[in-house]
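A quick write-up on the structure given underneath.
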Amino acid sequence: MIHALRVLRAAALLELRYLAVNRFMLFCVFVQPFFVAITTMFMLRRGTVFDPTYVVIGATLTGMWSLLLFNSNWAIGGERWQGTLELTVGAPTPVIVVIAGKLIGTTLLSFVSMVVCYAVGAWLFGYSITIADPVTFVPSLLFMLVGLWATAMLIAPLGILWRWVGQILNVFEYPIYMLAGFLFPILMLPTWSNPASWILPPFWGATAVHLSSSGGADVGALLGIWIVLLLSSAAAVLLARPFFGLILRRAIADGTLALT
Amino acid sequence: MNAIALENAGRVYRVTTGFVRRHAKEIQAVDGLSFEVARGELFGMLGPNGAGKTTTIKMLTTLLRPTSGRVVVAGFDVARNADRIRPLIGFAFGGERGLYYRLNGRDNLRYFAELYRLEPSRINPRVEELLDLVSLRDRADERVEGYSRGMKQRLHLARMLLHDPNILFLDEPTIGLDPVGARELRETIRELHRRGKTILLTTHYMFEADELCDRIVVIGKGRLLASGTPRELKALVRDLTVVEIEVFGATPALIDQVRALDFVDSVAVEQRELRQLLRVQTPIADEALPRLLASLGGLAVGRASVREATLEDAYVRLVGKTE
Numbered sequence: 028m029i030h031a032l033r034v035l036r037a038a039a040l041l042e043l044r045y046l047a048v049n050r051f052m053l054f055c056v057f058v059q060p061f062f063v064a065i066t067t068m069f070m071l072r073r074g075t076v077f078d079p080t081y082v083v084i085g086a087t088l089t090g091m092w093s094l095l096l097f098n099s100n101w102a103i104g105g106e107r108w109q110g111t112l113e114l115t116v117g118a119p120t121p122v123i124v125v126i127a128g129k130l131i132g133t134t135l136l137s138f139v140s141m142v143v144c145y146a147v148g149a150w151l152f153g154y155s156i157t158i159a160d161p162v163t164f165v166p167s168l169l170f171m172l173v174g175l176w177a178t179a180m181l182i183a184p185l186g187i188l189w190r191w192v193g194q195i196l197n198v199f200e201y202p203i204y205m206l207a208g209f210l211f212p213i214l215m216l217p218t219w220s221n222p223a224s225w226i227l228p229p230f231w232g233a234t235a236v237h238l239s240s241s242g243g244a245d246v247g248a249l250l251g252i253w254i255v256l257l258l259s260s261a262a263a264v265l266l267a268r269p270f271f272g273l274i275l276r277r278a279i280a281d282g283t284l285a286l287t
Numbered sequence: 003m004n005a006i007a008l009e010n011a012g013r014v015y016r017v018t019t020g021f022v023r024r025h026a027k028e029i030q031a032v033d034g035l036s037f038e039v040a041r042g043e044l045f046g047m048l049g050p051n052g053a054g055k056t057t058t059i060k061m062l063t064t065l066l067r068p069t070s071g072r073v074v075v076a077g078f079d080v081a082r083n084a085d086r087i088r089p090l091i092g093f094a095f096g097g098e099r100g101l102y103y104r105l106n107g108r109d110n111l112r113y114f115a116e117l118y119r120l121e122p123s124r125i126n127p128r129v130e131e132l133l134d135l136v137s138l139r140d141r142a143d144e145r146v147e148g149y150s151r152g153m154k155q156r157l158h159l160a161r162m163l164l165h166d167p168n169i170l171f172l173d174e175p176t177i178g179l180d181p182v183g184a185r186e187l188r189e190t191i192r193e194l195h196r197r198g199k200t201i202l203l204t205t206h207y208m209f210e211a212d213e214l215c216d217r218i219v220v221i222g223k224g225r226l227l228a229s230g231t232p233r234e235l236k237a238l239v240r241d242l243t244v245v246e247i248e249v250f251g252a253t254p255a256l257i258d259q260v261r262a263l264d265f266v267d268s269v270a271v272e273q274r275e276l277r278q279l280l281r282v283q284t285p286i287a288d289e290a291l292p293r294l295l296a297s298l299g300g301l302a303v304g305r306a307s308v309r310e311a312t313l314e315d316a317y318v319r320l321v322g323k324t325e
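First to last, the protein sequences are chains C and X. Just add 27 to the spot in the first sequence (first one is 1) and you have my numbering. Just add 2 to the spot in the second sequence (first one is 1) and you have my numbering.
As C-alpha cells, then:
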C-alpha cells in the first residue's frame, strides 16, 4: 500500500513536470477557461438572475475537464510514443497505478484553472466572488476532483483499446460541459438527456460545488450528492480496471507495446 | 536449474495489409527455437536483421507472449507467471528511446526505482552507486534530452540494474556507440558477468560476441542455426579460407555462378557504393584465387586478398545458408 502511494506520488510529479512544458495542455488550463469565463460573464451578466461565482466555478470546471479529457486520452499512448510503456509494463508495479498517478498530477494542475477564472471574475469584472458555504465547499471541491480523476481513469484505456473511441473522445469536451451542468443547470436540457448526466461523476461534482459555492442546499441534500458522486467515481475506476487488464493482455499477445 | 530455457518456442505475428480490402497475413518471427542458458553464463544471440532476436528477447522479458512452445525464465513460465519473473530480471533495449527526456538522468533512475519497489532508504544510495558504475554522475543533473547516444545507453544500463536483478537481457547494447563508448560498455558488461549475473546479449558484432560470450547461438529466420562456444563456432570454418575480391558490376546471375563452383563453400556479397566485395569461403586456400578470377570472366576486378576464417566468417556461412 505504501509502495503504491509512493508510485502515485512519483508518477504525479513526473506528469506535472511534463505538463508544465506542454503548451497545448497549458492552453487548456490557462487560456481556454479565461475565454470561457469572459464570454459567459458577458452573456449572463445582464440577466435577471446572475451569480458571478457560478460562472467562475463553471468556467473552472471547463478548463479542468478539457485538460483531463485530453491528457487521459493520451496517458497510455504517450508512454508508448516515448518508448517507456514497455519499461513500465516490465516493472513489477501495475500499469494502472502509474496511470492513476499521472492523472492525479493532471487533476492537480487542472485546479489552476480556478485561479484564472477567479481573476477574471474578481479583477477583470470586479465582482465579489464569495463562497456561500465554505464548510461544505471544501469537501464538495475535493470530491469533485475525485470524480473528474475517476472519469479520466475510465477514459485512459478506452482510446487505446479502440482507436475510433479515442478519436471520438477528443470531441467530448463540449458535450460534457453541457451534460454535467458546468455552466448552466441541466434543467435547461431536454429531460430525455438527464439520465446521461446522472451517470457522469462530473455532473455530481459540478452539482456539489455549485450548491456549496452559490448556496441554497441543505447539508442532507449535499450529503446525498457526495455519496452518489463517490459511488459513481468508484464505479468508474472499477469499470476501468478490466479495461487496463485487457490492454495489457492484448498488447502482449499482439506485440503492440512498442511502436517498433 | 537453468536461468533461461526455451523449448520449441515460436512466435507468429498477424498483420493486415490493404486499405479497402484488408488481408490478414502471418509472419513467423520465431520458429521452434530451443536453447538454455545456465546461471551465471554470459550468452550471446547472433543473427541478421529480422532473424528474431528482439522477438525472442521480448518473449523472455514477458513483453510478448509466445504463440507456441514454452519459455521459462528463473524457473517460471513467461506466459503464466510474468508477475513472478518481472522483479527478477532487468532488460535494456538498444536505441535512444525509453527514457523521460525532460527529466535529468538522476530523476529518471529515481522514478524507475519507485516502479521497481526499492525501499525508500535504498533509492538514493543505489542511484548514486549506479551513476558511478556507468560514469554518469557528473552529468546526472542534466536533462536526458541533451545526452549523447552513448550516455542514454549507459543510463539504460543503470536503470536495468536498479533492483539488482540476477538475470539481464541486453538487446544490441552497443549499437550506434562510438568505439570508446562501446568498449566502456563492454567492460561494464564484463564486470556484471564477474559479479555472477546471468546475461543474455544480442549483437551484430562478431568480435563483441567472441570477446564477451561464454556461449553463442546463431539464429536466422527465427530458427536455431548453430550453438556452441565461440571456439566451437570458429571450428566450423577451421578448414576454410576466405578470399575477398573487389569487383565492379557483378550481376546476381554471375554471383550464383560463383556460388555453384565445386570448390566454393559460400559467398557473401557486400555492396560498397559502385563496388561489390565478394567474400568467398573455400577449402582450397591460395589455389582458389586464380580460379575465382578466371570464373569472373571479363569483369573489372579491384583488390583481392586471401585470409584465415574468423568467427564472423562462421556466422556468414551459417546465416548465408538460410538466404
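Backbone N, C-alpha and C fix where the C-beta goes; we use that ideal spot for every residue, glycine too.
Residue range of the alpha helix (DSSP H) that residue i falls in?
i              : result
E113 (chain C) : L112 to G117
G132 (chain C) : V122 to S137
K60 (chain X)  : K55 to L62
G186 (chain C) : P161 to L188
E248 (chain X) : Note, E248 (chain X): premise wrong, no alpha helix (DSSP H); beta strand (DSSP E) at T243 to F250.
A64 (chain C)  : Q59 to L71
E186 (chain X) : P181 to R196
Locate the beta strand (DSSP E) running through residue i, then write down its first and last residues.
i              : result
A255 (chain X) : Note, A255 (chain X): premise wrong, no beta strand (DSSP E); alpha helix (DSSP H) at P254 to R261.
V219 (chain X) : R217 to G222
Y149 (chain X) : Neither: Y149 (chain X) is in no beta strand (DSSP E) and is coded neither H nor E.
Does DSSP put residue i in a helix, in a strand, or in coil?
i              : result
P113 (chain X) : As written in the sequence, residue 113 (chain X) is Tyr, which differs from the Pro given in the question. Y113 (chain X): helix per DSSP, three-state reduction.
Y118 (chain X) : coil
A86 (chain C)  : helix
D33 (chain X)  : strand
Q273 (chain X) : strand
L66 (chain X)  : coil
M208 (chain X) : helix
M47 (chain X)  : strand
G71 (chain X)  : strand
R276 (chain C) : helix
N98 (chain C)  : helix
L227 (chain X) : strand
A94 (chain X)  : strand
G104 (chain C) : helix
V198 (chain C) : coil
I156 (chain C) : coil
I252 (chain C) : helix
G148 (chain C) : helix
At the 9 Å Cβ level, is residue i part of the contact set with chain C, yes or no?
i              : result
F45 (chain X)  : no
Y15 (chain X)  : yes
E116 (chain X) : yes
K60 (chain X)  : yes
L111 (chain X) : no
R67 (chain X)  : yes
T57 (chain X)  : yes
R274 (chain X) : no
Using the beta-carbon of each residue, which ones in chain X are nearer than 9 Å to residue i?
i              : result
Q109 (chain C) : R99, G100, L101, Y102 and Y103
V48 (chain C)  : R104
Could you tell me whether the Cβ of residue i comes closer than 9 Å to any Cβ of chain X?
i              : result
R33 (chain C)  : yes
T120 (chain C) : yes
I126 (chain C) : no
V116 (chain C) : yes
A102 (chain C) : no
G282 (chain C) : yes
I279 (chain C) : yes
G41 (chain C)  : First, the residue type needs correcting, since residue 41 (chain C) is Leu and not Gly in the sequence shown. Yes, contact with chain X.
A183 (chain C) : no
E200 (chain C) : no
R44 (chain C)  : yes
Interface residues of chain C around residue i at Cβ under 8 Å?
i              : result
P2 (chain X)   : Beyond the ends of chain X as shown, which are 3 and 325, falls residue 2 (chain X); an answer cannot be given.
P122 (chain X) : R33
So residue i and residue j are supposed to be a Cβ contact under 8 Å. How far apart are they, rounded?
i              : j              : result
T178 (chain C) : L227 (chain C) : 7 Å
W231 (chain C) : L256 (chain C) : 4 Å
V192 (chain C) : L185 (chain C) : 5 Å
Using the beta-carbon of each residue, which ones in chain C are nearer than 7 Å to residue i?
i             : result
R88 (chain X) : G117, A118 and P119
T64 (chain X) : G117
F21 (chain X) : Here the premise fails: no neighbours, minimum Cβ distance about 15 Å.
Which chain X residues are close to residue i, counting only those with a beta carbon under 7 Å from its beta carbon?
i              : result
H30 (chain C)  : R119
A288 (chain C) : As displayed, chain C neither begins before 28 nor continues past 287, which places residue 288 (chain C) out of reach and without an answer.
Which residues in chain C sit within 9 Å of residue i, going by Cβ to Cβ distance?
i             : result
F93 (chain X) : E113, L114 and G117
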